[in-house]
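Chemist: Handing you this structure, nothing more for now.
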Amino acid sequence: MKWIPAVAFALVVSACASASPGATPDDPTTTTAPPDPVLVLTITQDGGCFMMGPNCATYLVYSDGSVELQRTGQPGTPIDAAAIDVALVSDVADRVAATDLDALRGSLPPGECRGCYDGIDVTFTYETPEGPAVFASVDVDIFVSEPLFTASWSVLEAAADETDLPIQTRP
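Each residue of the sequence shown is one higher than the one before, starting from 1 at the first, in UniProt numbering.
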């Protein structure tokens with residue numbers, strides 16, 4: 001039994017000796033946390049989904065594939081959260097980076113107010129280094145076969161499949 005304190009002392013000494021003398025929690029070699037996710041795309045639905053109550057969805061889509069669902073017109077109040085395939089989000093981010101958004105906007109036909117006829121208007125807001133780039137279906141036709149919009153519709157479909165917006169009715 002006299003050997004137990006000696007073994008314990010040896011373990012403590014060897015553990016302390018193996019620690020690198022200059023390592024600190026702020027040392028980048030010891031930091032393993034991934035970067036915080038970045039907002040890539042906000043998808044806002046408006047129009048006919050408001051007929052019975054506040055039932056239009058706004059999806060905030062982040063670089064790590066996380067999605068936050070809010071009711072349109074009620075920012076900051078999450079209803080649901082989920083994760084979608086990060087490859088879908090990366091595809092949108094890559095297409096935004098590779099697309100001249102001003103040229104794209106200038107090449108699109110005019111949009112229409114689908115909400116005026118009980119349809120749903122959709123707005124894609126892409127986060128860019130220059131600031132948000134907004135493409136609203138009431139301004140330009142985002143239903144065309146443009147690769148950026150095709151990728152964005154895929155994100156919307158995945159986000160809608162993974163989240164739940166309970167229907168609210170007006171009193």
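Heads up, the beta-carbon is just placed ideally off N, CA and C, and yes, glycines get one too.
No experiment lies behind these values; they were computed from the predicted model shown.
1. In the DSSP assignment, find the alpha helix (DSSP H) that holds E162 and state where it starts and stops.
2. Counting pairs of beta carbons, one from the segment 124 to 134 and one from the segment 46 to 61, are three or more of them closer than 8 Å?
3. Would you mind stating whether T150 and T44 have Cβ atoms separated by less than 9 Å?
4. Go through its chain and collect everything with a Cβ distance to L108's Cβ below 7 Å, but skip five positions before and after it.
5. Hey, L88 and Y62 are a contact pair by Cβ (cut 8 Å); roughly how many whole angstroms apart?
6. Report yes if the CB atom of L41 is closer than 9 Å to the CB atom of V155, and no otherwise.
7. Going by the CB atoms, is the gap between G111 and A136 shorter than 9 Å?
8. So for F143, helix, strand or coil by DSSP?
Modeler: In this structure, then:
1. As a working mapping, residue 162 is identified with position 162 in the sequence shown. Here the alpha helix (DSSP H) through E162 covers 147 to 162.
2. no
3. Working through the sequence shown from its first residue, we reach residue 150 at position 150. Working through the sequence shown from its first residue, we reach residue 44 at position 44. Taking 9 Å as the Cβ cut-off, T150 and T44 do not qualify as a contacting pair.
4. Position 108 of the sequence shown, counting from 1, holds the residue named residue 108. The residues are V140, D141, V144.
5. For the purposes of this step, residue 88 is taken as residue 88 along the sequence shown, with counting starting at 1. For the purposes of this step, residue 62 is taken as residue 62 along the sequence shown, with counting starting at 1. With 8 Å as the limit, L88 and Y62 do not qualify as a contact, their Cβ atoms being about 12 Å apart.
6. The residue given as residue 41 occupies position 41 in the sequence shown. The residue given as residue 155 occupies position 155 in the sequence shown. Contact flag set, yes.
7. Here residue 136 is taken as the residue at index 136 of the sequence shown, counted from 1. Here residue 111 is taken as the residue at index 111 of the sequence shown, counted from 1. Their beta carbons are under 9 Å apart, which means A136 touches G111 by this criterion.
8. Sequence index remark: in the sequence shown, residue 143 carries index 143 (1-based). In the structure shown, F143 sits in coil (DSSP, three-state: anything other than H, G, I, E or B).
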